[in-house]
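One structure is given below, encoded as structure tokens.
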Amino acid sequence: MFKSVEELVRTATERGIPISEVMIEQEVHVRRSTREEVVGMMERNLEVMEEAVARALEGVTSVTGLTGNDAVLMTDYIRSGKSLAGDLILDAVAKAIGTNEVNAAMGRICATPTAGSAGVVPGTLFAVKERLEMDRDAMVRYLFTSGAFGFVVANNASISGAAGGCQAEVGSATGMAAAAIVEAAGGTPEQSATAFAIALKNMLGLVCDPVAGLVEVPCVKRNAMGGANAIVAADMALAGITSRIPCDEVISAMHEIGQMMPTALKETARGGLANTPTARRLERNIFGEKENVQK
Amino acid sequence: MKYRSVFDIIGPVMVGPSSSHTAGAARIGLMAGKLFGRTPRLAHITFYGSFADTYRGHGTDVAIVGGIMGFDTFDLRIPQALDIAKERGIEVVFETSDALTDHPNTARVHLEDEDGTFEIVGISIGGGTIEITELNGFPLKLSGGGPALVVLHHDRFGAIAAVTGILARHELNIGHMEVSRHEKGKQALMAIEIDEHLSKDVLAEIERLPQIERVAIFGE
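Respectively, the protein sequence lines represent chains H and B. Its first residue numbered 101, the first sequence is counted upward by one per residue in this note's numbering. Its first residue numbered 3, the second sequence is counted upward by one per residue in this note's numbering.
This is how it looks when you write it as structure tokens:
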């Protein structure tokens, strides 16, 4: 099993195969399974992602009413032709938001790498697939490439908000998406690693401070910005811009920052946005006074 | 390495909103329910750390109870699990504790009925992946380097030889093994890490041994 991004990139480069292929081969080996079975499993995950986005675009609201229907708003805005950031980026934003709106509503999603950060990878995938003329096979590969980078982060740092803050969740997802976009666009494995590094560097220090402890505010919008960040980071790497700090060291830095981060900012809803007057008021409205006393 | 599969990262398919607090909790519940092996009368669940602070907002409570009843992470009945538990006659008690634990997402699940009690401690380490750290008071220290066979058995001569004998016959190599017991002649636990994939047949064969109470595979 590959233990670092450096090892992953070296294997892919030396053998002249994409990172997605290294991941597929390892999975076949670990599972003692066949290529067809492993690829088939990923295809089913892709279908769940598509269903989630489709549901979001019909409009969905969470039980608390804190989140919902923003994917619809953004899609309508794109259609109006007045957007500033560019339709592809905003399409990723809309679909990332949509996935997390379905998640917040206790709908069915595929964690990538977590549920709170489930919007970034599919959001970007569905936004770039037409521009990059991706067929079904390429879309499944996108998920394996994302997974390969997430695999290194999960084993060398953390993908848990409670252990490492939001940087470990949306930060990891953003890097994973950036790396996968690069491969889908025909970039090298090295450029994928660069895109990951650039993306994660800009998510370092991001705390996990969910209002009322719910995976809604600010999680949904952080997925939106993660999607935008991933596309820009991929473009930077494809332009030939490199990262002075190697990818594996960025991951180590994220881990270190996560360990130094106070518990109040790691999915306990005690600090940050969760501790603002408005958040506390929303919390009382949702759970009543009693719940608040326990905190 | 804690994570061994790409589907730990791209996956699981699950009911929201949190992979660690919802899907992970469901998996801790599933493991407890499977090992208990029947519908409990009482499920007493203690949450620690981040679980204790945010379990209601994350649906940790419904997920863990759903898991105890056998609902997998993607089961759309999870949001209604507390009502379903009531219908099935399971009394559910939640407790939050501010005791310090090694991992912020820790849950203790205590199940009981007329015939006995069972308890596990599970941690949800991120992305829906879990580890069981304690089982009926026995601390479990698994390296996570491969699948582990966990066997609850009567502390009697021949139990260990019978289990390892079956493994040998199926040409399964043991990487690491720990045996523990509370009291001589009472319940004991074997935790055996194996290099190869374990088939259901092997598991069933071990389960049929006279000294064996319960068998489960972790980390697969």
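Using N, Cα and C, we set each Cβ at its ideal position, and we do this for glycine too.
Leaving aside the five residues before and after residue 202 (chain H) along the sequence, list all residues of the same chain whose C-beta is less than 7 Å from its C-beta, in chain order.
Locating residue 202 (chain H) in the first sequence gives position 102, where the first residue counts as 1. Cβ within range, chain order: 152, 155, 156, 160 and 209.
Residue 4 (chain B) touches chain D at which residues, Cβ-Cβ below 9 Å?
Judged by its chain identifiers, the structure shown contains no chain D, and its protein chains are H and B.
Who pairs with residue 366 (chain H) in a beta bridge, going by DSSP?
Locating residue 366 (chain H) in the first sequence gives position 266, counting from the first residue. Residue 366 (chain H) pairs with H:308.
Per DSSP, residue 190 (chain B) is paired with what?
Locating residue 190 (chain B) in the second sequence gives position 188, counting from the first residue. DSSP, once it has assigned bridges, lists B:155 and B:183 as partnering residue 190 (chain B).
Report the residue from H:334, H:379 and H:179 whose alpha carbon sits nearest the alpha carbon of residue 225 (chain H).
The count along the first sequence starts at 1 and reaches residue 225 (chain H) at position 125. Cα-wise, what sits closest to residue 225 (chain H) is H:334.
Assess, as a yes-or-no matter, whether the stretch 295-308 of chain H is touched by the stretch 340-347 of chain H under the definition of 3 or more beta carbon pairs within less than 8 Å.
Short answer: they touch.
Tell me whether the stretch 281-291 of chain H and the stretch 224-243 of chain H touch, counting them as touching only if at least three CB pairs, one residue from each stretch, are closer than 8 Å.
In short, these stretches touch, since the Cβ pair count reaches three.
Are the C-beta of residue 28 (chain B) and some C-beta of chain H separated by less than 8 Å?
Mapped onto the second sequence, residue 28 (chain B) falls at position 26. Chain H, which has no Cβ nearer than 8 Å to the Cβ of residue 28 (chain B), makes this no.
Closer than 9 Å, Cβ to any Cβ of chain H: which residues of the stretch 172-189 of chain B, in chain order?
Here the close residues number zero.
Which class does residue 115 (chain B) belong to by DSSP, given the choice of helix, strand or coil?
By 1-based counting over the second sequence, the position of residue 115 (chain B) is 113. The answer is strand: DSSP assigns residue 115 (chain B) an E or B state.
Excluding five sequence neighbours on each side, which residues of the same chain lie with their C-beta closer than 7 Å to the C-beta of residue 174 (chain H)?
Locating residue 174 (chain H) in the first sequence gives position 74, counting from the first residue. Answer for residue 174 (chain H): 190, 193, 194 and 197, listed in chain order.
Give, in chain order, every residue of the stretch 11-41 of chain B whose Cβ lies closer than 7 Å to some Cβ of chain H.
Those residues of the stretch 11-41 of chain B that come within reach of chain H (Cβ to Cβ, closer than 7 Å) are 11, 12, 13, 14, 15, 16, 17, 18, 19, 20, 21, 22, 24 and 25.
Can you list the residues of chain H that residue 149 (chain B) reaches, using a CB-CB cut of under 8 Å?
In the second sequence, residue 149 (chain B) corresponds to position 147, counting from 1. What residue 149 (chain B) touches in chain H: nothing, since even the nearest Cβ is about 11 Å away.
Within the 8 Å Cβ cut-off, does residue 212 (chain B) reach chain H?
Within the second sequence, the letter at position 210 stands for residue 212 (chain B). Judged by the 8 Å Cβ criterion, residue 212 (chain B) is not in contact with chain H.
Looking at chain H, is there any beta carbon in it that lies within less than 8 Å of the beta carbon of residue 78 (chain B)?
Sequence index remark: in the second sequence, residue 78 (chain B) carries index 76 (1-based). Yes, contact with chain H.
Is it right to say residue 200 (chain H) is buried, meaning 16 or more other beta carbons lie within 10 angstroms of its own, or is it exposed?
On the first sequence, position 100 is the one that residue 200 (chain H) refers to. Buried: at least 16 other Cβ atoms inside 10 Å.
Kindly list, in the order they appear in chain B, the residues whose Cβ is closer than 8 Å to that of residue 366 (chain H).
Against the first sequence, residue 366 (chain H) aligns to sequence position 266. Here the neighbours are 52 and 106.
With DSSP run on the structure shown, which of helix, strand or coil describes residue 124 (chain B)?
Here residue 124 (chain B) refers to the residue found at position 122 when the second sequence is read from its first residue. DSSP places residue 124 (chain B) in strand when its eight states are reduced to three.
Taking 6 Å as the limit between beta carbons, can you name the residues of its chain near residue 179 (chain B), skipping five residues before and five after?
Translated into the one-based positions of the second sequence, residue 179 (chain B) becomes position 177. Result list for residue 179 (chain B): 194, in chain order.
When the cut-off is 8 Å and only beta carbons count, does residue 166 (chain H) lie next to chain B?
For the purposes of this step, residue 166 (chain H) is identified with residue 66 of the first sequence, where counting begins at 1. No - not a single Cβ of chain B is within 8 Å of the one on residue 166 (chain H).
Where do the ends of the beta strand (DSSP E) carrying residue 132 (chain B) lie?
The residue you call residue 132 (chain B) lines up with position 130 of the second sequence. That run of the beta strand (DSSP E) goes 131-137.
By a C-beta neighbour count over all protein chains shown, 10 Å radius and 16 as the cutoff for buried, is residue 108 (chain H) buried or exposed?
As a first step, residue 108 (chain H) is located in the first sequence; it is residue number 8 there, counting from the start. With 16 or more Cβ atoms within 10 Å of its Cβ, residue 108 (chain H) is classed as buried.
Along the chain, where does the alpha helix (DSSP H) containing residue 149 (chain H) start, and where does it finish?
Mapped onto the first sequence, residue 149 (chain H) falls at position 49. Where residue 149 (chain H) is concerned, the enclosing alpha helix (DSSP H) stretches over 135-157.
Mind checking if residue 110 (chain B) is an interface residue toward chain H, Cβ cutoff 8 Å exclusive?
Locating residue 110 (chain B) in the second sequence gives position 108, counting from the first residue. Not an interface residue.
Can you tell me whether residue 219 (chain B) is helix, strand or coil according to DSSP?
Taking the second sequence and counting its residues from 1, one reaches residue 219 (chain B) at position 217. Correct three-state label for residue 219 (chain B): strand.
Closer than 8 Å, CB to CB, is residue 259 (chain H) near chain B or not?
Walking along the first sequence from the start, residue 259 (chain H) turns up at place 159. So, interface residue.
Go ahead and label residue 102 (chain B) buried or exposed: buried means 16 or more other beta carbons lie within 10 angstroms of its beta carbon, across all protein chains shown.
Along the second sequence, read from residue 1 onward, the residue named residue 102 (chain B) stands at position 100. Exposed: under 16 other Cβ atoms inside 10 Å.
Residue 205 (chain H): buried (16+ other C-beta within 10 angstroms of its C-beta) or exposed?
Mapped onto the first sequence, residue 205 (chain H) falls at position 105. Buried, because 16 or more other Cβ atoms sit within 10 Å of the Cβ of residue 205 (chain H).
If you count every other CB in all the chains shown that lies within 10 Å of the CB of residue 2 (chain B), and 16 or more means buried, which is it?
Outside the displayed range of chain B (3 to 222) lies residue 2 (chain B), so it cannot be described from this structure.
Any C-beta of chain H sitting closer than 8 Å to the C-beta of residue 221 (chain B)?
Position 219 of the second sequence, counting from 1, holds the residue named residue 221 (chain B). Not one chain H Cβ lies under 8 Å of residue 221 (chain B).
Based on the DSSP output, what are the partners of residue 150 (chain B) in its beta bridges?
Along the second sequence, one-based indexing puts residue 150 (chain B) at 148. Answer is B:195 and B:220, bridged to residue 150 (chain B).
In terms of DSSP beta bridges, what is residue 50 (chain B) paired with?
As a working note, residue 50 (chain B) is residue 48 in the second sequence. BP columns for residue 50 (chain B) point to B:99 and B:108.
Can you find a C-beta in chain H that's less than 8 Å from the C-beta of residue 55 (chain B)?
In the second sequence, counting from the first residue as 1, residue 55 (chain B) sits at position 53. Chain H, which has a Cβ nearer than 8 Å to the Cβ of residue 55 (chain B), makes this yes.
Spatial neighbours of residue 238 (chain H) within its chain, please: C-beta separation below 7 Å, excluding the five flanking residues on both sides.
Taking the first residue of the first sequence as 1, we reach residue 238 (chain H) at position 138. Closer than 7 Å at the Cβ level, and outside the excluded window around residue 238 (chain H), lie 284.
Using three-state DSSP, classify residue 215 (chain H) as helix, strand or coil.
Here residue 215 (chain H) refers to the residue found at position 115 when the first sequence is read from its first residue. In this structure, residue 215 (chain H) counts as coil in the three-state DSSP scheme.
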